[in-house]
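To start, the structure under review is shown below, and the notes come after it.
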Amino acid sequence: MKFFHLGDLHFGKMLHQQSMAETDQKDWIETFLTAVDQYQVDAVVIAGDIYDRKVPSPEAMRLFDHLLTELARRDRMVFVIPGNHDSSVRLSHVSELLTSHQIYIAGELSREMMHITVREGDQRITFWLMPYLFPKAVGDPAVLDRDDLGTYDEAARALIAAQKMDPTDCNILVAHQNVLASGAAPEHSESETIIGGLGEIDCSAFDAFDYVALGHIHNAQKVGRETIRYAGCPLYYDFSEINRSKALTLVTVQSKENIQIERVEIPMPHRLRQLSGTLEELLSQGIMLKDKDEYYFQCILTDKHVPPRAMERLREVYGERLLNVKRSAEANYSTNTPGSVIKDASRMSLEEQFTLFYQSRQNELPDGEQERLLSRIMEQQERRSGDFYLDDKFIPEKDSAELIDLLLEGMEDGI
Ligand SMILES: [Mn+2]
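Residue numbers for the sequence shown follow the working numbering, beginning at 1 and rising by one.
Here you go:
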């Protein structure tokens, strides 16, 4: 059996101010479907972060609708789990009905992981769908009912140990977590929302699986062994990804012992290009460029003093494809390059953690208005209970992401 392993689609993602939903993401789906036909895959695995937001935009929902419809029309199986950006309840809406089309979407965590067995001759291949997890959710009375699961690693191991797996099956896990090989952190990209040291699970937790289809880290890579892999995000979601090649991960299961992995390159709707120079240099370079339509641009200004209307003047030459203008002093500034990973976020205040997450998601610091909104949302959430754990222990990876979503929605709604 053959399948494409995808992750981190982030439908609805904005690249700077540009929405990708009706441009690159829409085009990517068509290219991807062509690859599905060409490679005759039996299934498509999507390892979380289908959407960029827990409350996706209508455009983003239309994309996922279209992708699933087209895969069902082609009679392909689809396995989906929610990532930390997705709402498990919204993502798995009507999922039971979809199983009749061989579309399997895991929803909220449960003691028994959703799993689907496919027979190929004598070989049984079982897909285990593990929704994005954190210790408190796994310890919940509705899941394992334990209060001794302190770390993500313990939680993942406990949940896996509770599954009735047949070791003669070819067992494939689909997960969306921060997975490391003996303490070595995977290579990060700046379009992720990850703070180093948080949510780590060692890859040995997955020893029982023959292939692990991971999402969460946006750079495609293996973790430890060849058969534990991050698919990486399919499109360029940050200018730091300029030099990465984007490709699909094609997995061929010959047998439990023989799993082949190939990288399949498909055309990108646009590539990213970063240019640097003084405003005058960038303007004349822009006039000379012939293939501007193939790129999205970021310009780094090296002028000592940034000339007035720099963005506007550059846009006259580069058009809407120019997404961002930075001063060179800010160009190397980043919050989560591997060298500057923040190790102990648990000692930070909620506001500090939020600021870090906001920076890594939005590429800028929250302003006064956003901070004011944050405290208002926190006040409201503290009065409620259920969705949030702010009253008890703040879970940075989960709660900051949710707060940012709430904040962004709040800004869009004009509250
Ligand atoms: Mn992601």
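All residues carry an ideal CB built from backbone N, CA and C; glycine is no exception.
For residue i, three-class secondary structure by DSSP
{"i": "Asp291", "result": "coil"}
{"i": "Ser87", "result": "coil"}
{"i": "Thr227", "result": "strand"}
{"i": "Cys203", "result": "helix"}
{"i": "Gly426", "result": "The structure shown does not extend to residue 426, since the chain is modelled only from 1 to 415, so the question has no answer here."}
{"i": "Lys54", "result": "coil"}
{"i": "His493", "result": "Past the boundaries of the shown model lies residue 493; the chain is included only from 1 to 415, so the question cannot be answered."}
{"i": "Ser422", "result": "Examination of residue 422 is not possible in this model, given that the chain is present from 1 through 415 alone."}
{"i": "His101", "result": "helix"}
{"i": "Lys2", "result": "strand"}
{"i": "Ala331", "result": "With a pLDDT of 47 at Ala331, under the threshold of 50, the predicted position of this residue should be treated as unreliable, and no value is reported."}
{"i": "Val80", "result": "strand"}
{"i": "Asp387", "result": "Only weak support exists for where Asp387 lies, its pLDDT of 40 falling under 50; the value from the coordinates is given anyway. Coil."}
{"i": "Phe64", "result": "helix"}
{"i": "Gln177", "result": "coil"}
{"i": "Met311", "result": "helix"}
{"i": "Ile261", "result": "strand"}
{"i": "Arg124", "result": "strand"}
{"i": "Tyr132", "result": "coil"}
{"i": "Phe297", "result": "strand"}
{"i": "Val306", "result": "coil"}
Distance between residue j and residue i (C-alpha atoms, nearest Å)
{"i": "Asp153", "j": "Met130", "result": "14 Å"}
{"i": "Thr126", "j": "Gly183", "result": "29 Å"}
{"i": "Gln18", "j": "Leu323", "result": "7 Å"}
{"i": "Ile228", "j": "Ile201", "result": "12 Å"}
{"i": "Val80", "j": "Tyr104", "result": "6 Å"}
{"i": "Ser284", "j": "Tyr318", "result": "11 Å"}
{"i": "Glu59", "j": "Asp24", "result": "12 Å"}
{"i": "Ala417", "j": "Asp148", "result": "Within the shown structure, residues of the chain are numbered from 1 to 415, placing residue 417 beyond reach of any answer."}
{"i": "Ser340", "j": "Pro186", "result": "Any answer about Ser340 is weak, because its pLDDT of 35 lies below 50 and its placement is not dependable; what the coordinates show is given next. About 14 Å."}
{"i": "Val118", "j": "Gln38", "result": "22 Å"}
{"i": "Glu262", "j": "Thr355", "result": "39 Å"}
{"i": "Ala21", "j": "Val41", "result": "25 Å"}
{"i": "Leu6", "j": "Glu257", "result": "22 Å"}
{"i": "Lys326", "j": "Pro135", "result": "40 Å"}
{"i": "Glu70", "j": "Lys54", "result": "24 Å"}
{"i": "Lys13", "j": "Asp52", "result": "5 Å"}
{"i": "Val264", "j": "Phe3", "result": "12 Å"}
{"i": "Arg309", "j": "Leu180", "result": "45 Å"}
{"i": "Leu272", "j": "Lys304", "result": "25 Å"}
{"i": "Met311", "j": "Asp210", "result": "51 Å"}
{"i": "Ala247", "j": "Arg376", "result": "42 Å"}
{"i": "Met288", "j": "Glu316", "result": "13 Å"}
{"i": "Leu301", "j": "Asp238", "result": "18 Å"}
{"i": "Val253", "j": "Leu67", "result": "24 Å"}
{"i": "Ala205", "j": "Ala156", "result": "7 Å"}
{"i": "Arg321", "j": "Gln221", "result": "29 Å"}
{"i": "Ser88", "j": "Gly232", "result": "21 Å"}
{"i": "Thr31", "j": "Thr249", "result": "14 Å"}
{"i": "Leu98", "j": "Met77", "result": "11 Å"}
{"i": "Met1", "j": "Val251", "result": "8 Å"}
{"i": "Trp128", "j": "Asp169", "result": "11 Å"}
Cβ distance (whole Å) where residue i is taken to contact residue j below 8 Å
{"i": "Ala43", "j": "Val174", "result": "Not confirmed; about 11 Å, so no contact."}
{"i": "Ile266", "j": "Ala35", "result": "5 Å"}
{"i": "Asp8", "j": "Asp49", "result": "4 Å"}
{"i": "His85", "j": "His10", "result": "7 Å"}
{"i": "Leu15", "j": "Tyr296", "result": "7 Å"}
{"i": "Ala72", "j": "Ser92", "result": "Not confirmed; about 16 Å, so no contact."}
Near ligand 1: residue i beta-carbon under 6 Å from a heavy atom
{"i": "Asp49", "result": "yes"}
{"i": "Asp148", "result": "no"}
{"i": "Asp291", "result": "no"}
{"i": "Asp8", "result": "yes"}
Proximity to residue i [Cα-Cα], best of the options
{"i": "Ala208", "options": "Ala158, Leu279 and Gly150", "result": "Ala158"}
{"i": "Glu245", "options": "Pro234, Val253 and Thr252", "result": "A quick correction: the sequence has Ser, not Glu, at residue 245. The shortest Cα separation from Ser245 among Pro234, Val253 and Thr252 belongs to Pro234."}
{"i": "Val143", "options": "Glu112, Cys170, Met165 and Arg90", "result": "Glu112"}
{"i": "Asn178", "options": "Met165, Ile160 and Tyr132", "result": "Tyr132"}
{"i": "Asp27", "options": "Leu98, His5, His270 and Gln274", "result": "His270"}
{"i": "Ile259", "options": "Ala213, Gly12 and Met20", "result": "Ala213"}
{"i": "Gln274", "options": "Leu250, Tyr236 and Arg74", "result": "Tyr236"}
{"i": "Cys203", "options": "Ser92, Gly139, Met114 and Glu226", "result": "Glu226"}
{"i": "Gly83", "options": "Val253, Arg315, Gly224 and Ile217", "result": "Ile217"}
{"i": "Ile160", "options": "Met268, Asp169 and Val138", "result": "Val138"}
{"i": "Ile172", "options": "Arg124, Met268 and His101", "result": "Arg124"}
{"i": "Gly215", "options": "Met61, Met268 and Val45", "result": "Val45"}
{"i": "His115", "options": "Asp291, His101, Lys164 and Arg146", "result": "Lys164"}
{"i": "Leu279", "options": "Glu294, Ile29, Gln102 and Pro307", "result": "Pro307"}
{"i": "Glu120", "options": "Asp367, Ser255 and Gly286", "result": "Ser255"}
{"i": "Ser328", "options": "Cys299, Leu314 and Arg90", "result": "Cys299"}
Distance cut-off 6 Å: residue i Cβ against heavy atoms of ligand 3
{"i": "Thr355", "result": "Inclusion of ligand 3 in the displayed structure is not the case, the ligand content consisting of ligand 1 alone."}
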